[in-house]
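Below is one structure, written out as structure tokens, with a few remarks after it.
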Amino acid sequence: MPVMAIVTLDARGLTKRFGARTAVEEVSFTARQGEVVGLLGPNGAGKTTTIRLLTTVLSPTSGEFSVDGIPSDQPARIRQRVGVLPESAGYPAHQTGTEFLRYHARLFGLPRRDATTVAERLLTEVGLAERAGSRISTYSRGMRQRLGIARALVNDPAVVFLDEPTLGLDPAGQRQVLGIVRDAAQRRGATVILSTHTLPEVEEICSSVLILDRGRILTFGTVSEVTRAVAVSRSGQLRVPIDSVGRAAAALARVAGLTVEVTDERPDVLRITLTGRVESDRGDAGMNEALRAVLAADVPVLSFDVEGARLSDAFLAMTEESQR
Ligand SMILES: Nc1ncnc2c1ncn2[C@@H]1O[C@H](COP(=O)(O)OP(=O)(O)OP(=O)(O)O)[C@@H](O)[C@H]1O
Ligand SMILES: [Mg+2]
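Residue numbering for the sequence shown follows our numbering, starting at 472 and increasing by one per position.
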């Protein structure tokens, strides 16, 4: 991502109420060119509503936003600059992939010949060139999903919104979609807003993460900022000579804030888990303290592996906390 990439999406205090129910509340964030922003949150958190607001399908109850510098009071212009794969996209079964994309390119005002060129290029980009002439009714779910992403890119949008694009895809299909998403950001320079429940995919391709819960932003930052920001239990595995396990366990028992476990399968490995609310920085300190205690007891350490904080742990810690 360029250092001074321009802001393509700027939301300020977005709020959407449906009657008495508030679906989205005071949502503010910015995203830049070439960024992939993961939009996370439990079911009903407001992800789809946020996407529908930012793509001008819904209008906000209050708040405002801009896309590619265009203010939200000009929805028709914004629609020219965004692309979207909706939560449940329908496709005309009788059309071929080429016909479908050409039609959408024409809707954005491309002349016939350019529309055909764009359709062909996009079908190649999403790996559907071979099936371009087949009716959509014969496409698999993964193929349809990729066609939907191609449609979202037909107007070369500044911001692309993908609502759970990998839902229901097999691992190879997920991989393929993630590759397309990465290309859209890196090669086209688009901003991608990716809503998903698959956290490893966020860790893999997102530059930042926005976690929503009951319509509100719980956190927004880079993946490492978000994982570091919360209580994340961390664990490590300490391997010592089998006749020193008892001594190591006794030394660890004197360190506060951790539990130690030895299993029958690996009687030479002590599994250490830091307990309680531990910031990641303190977490490192906690593991160091554990190791120091073992070394001070003159136990030879054969290996020590610390498992890092995961986004999935942070996500659970944050969303569960807010349910209390
Ligand atoms: N058209 C609507 N009328 C009334 N309530 C709605 C409408 N659309 C969404 N909601 C409510 O707004 C809240 C947020 O829904 P939304 O679909 O944005 O969640 P989500 O984060 O996309 O969830 P999921 O992970 O299940 O897709 C929910 O409580 C939902 O019932
Ligand atoms: Mg949704």
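For glycine and all other residues, C-beta sits at the position ideal for the given N, C-alpha and C.
A quick note: this is a predicted structure, and the numbers were derived from the prediction, not measured.
Helix, strand or coil at residue i according to DSSP, with G and I counted as helix
{"i": "R658", "result": "coil"}
{"i": "I477", "result": "coil"}
{"i": "F579", "result": "coil"}
{"i": "D544", "result": "coil"}
{"i": "R737", "result": "coil"}
{"i": "R710", "result": "strand"}
{"i": "G484", "result": "strand"}
{"i": "G515", "result": "coil"}
{"i": "R492", "result": "strand"}
{"i": "G686", "result": "coil"}
{"i": "L624", "result": "coil"}
{"i": "S666", "result": "strand"}
{"i": "D641", "result": "coil"}
{"i": "R742", "result": "strand"}
{"i": "E506", "result": "coil"}
{"i": "V680", "result": "strand"}
{"i": "G613", "result": "helix"}
{"i": "T527", "result": "coil"}
Identity of the residue in the options nearest residue i by Cα
{"i": "R592", "options": "R612, G568, T609", "result": "G568"}
{"i": "F632", "options": "R583, S608, V740, R622", "result": "R622"}
{"i": "R503", "options": "T693, G639, E635", "result": "T693"}
{"i": "A721", "options": "R737, I743, D735, L594", "result": "I743"}
{"i": "R740", "options": "M758, F775, R763, A756", "result": "At residue 740 the sequence reads Val, which differs from the Arg that was named. If we check each option's Cα against that of V740, F775 comes out closest."}
{"i": "R685", "options": "T790, A719, T532", "result": "T790"}
{"i": "L556", "options": "V652, T734, V726", "result": "V652"}
{"i": "N759", "options": "L709, D784, R781", "result": "L709"}
{"i": "V507", "options": "E674, R646, A780, S559", "result": "E674"}
{"i": "A603", "options": "V553, R583, H565", "result": "H565"}
Buried or exposed by the 16-neighbour rule on C-beta atoms within 10 Å, applied to residue i
{"i": "G509", "result": "buried"}
{"i": "T479", "result": "buried"}
{"i": "F489", "result": "exposed"}
Own chain, CB closer than 8 Å to residue i, minus 5 neighbours either side, in chain order
{"i": "T746", "result": "S704, G728, L729, T730"}
{"i": "P563", "result": "F571, I607"}
{"i": "Q657", "result": "G505"}
{"i": "V659", "result": "Per the sequence shown, residue 659 should be read as Arg rather than Val. The residues are L624, D627."}
{"i": "L762", "result": "L709, V772, F775"}
Cutoff 7 Å; reference residue i; Cβ partners in own chain excluding five residues on either side
{"i": "E778", "result": "R705, S706, G707"}
{"i": "I477", "result": "R503, Q504"}
{"i": "A655", "result": "L624, V631, A661, V663"}
{"i": "D481", "result": "T501, F536, S537"}
Counting pairs of beta carbons, one from the region 516-530 and one from the region 567-587, are three or more of them closer than 8 Å?
-> no
Taking 8 Å as the threshold, find out whether the region 658-672 comes into contact with the region 489-500 through three or more Cβ pairs.
-> no
Are three or more beta carbon pairs between the region 756-773 and the region 705-720 nearer than 8 Å?
-> yes
Can we say the region 522-531 touches the region 613-622, given the rule of at least three CB pairs closer than 8 Å?
-> no
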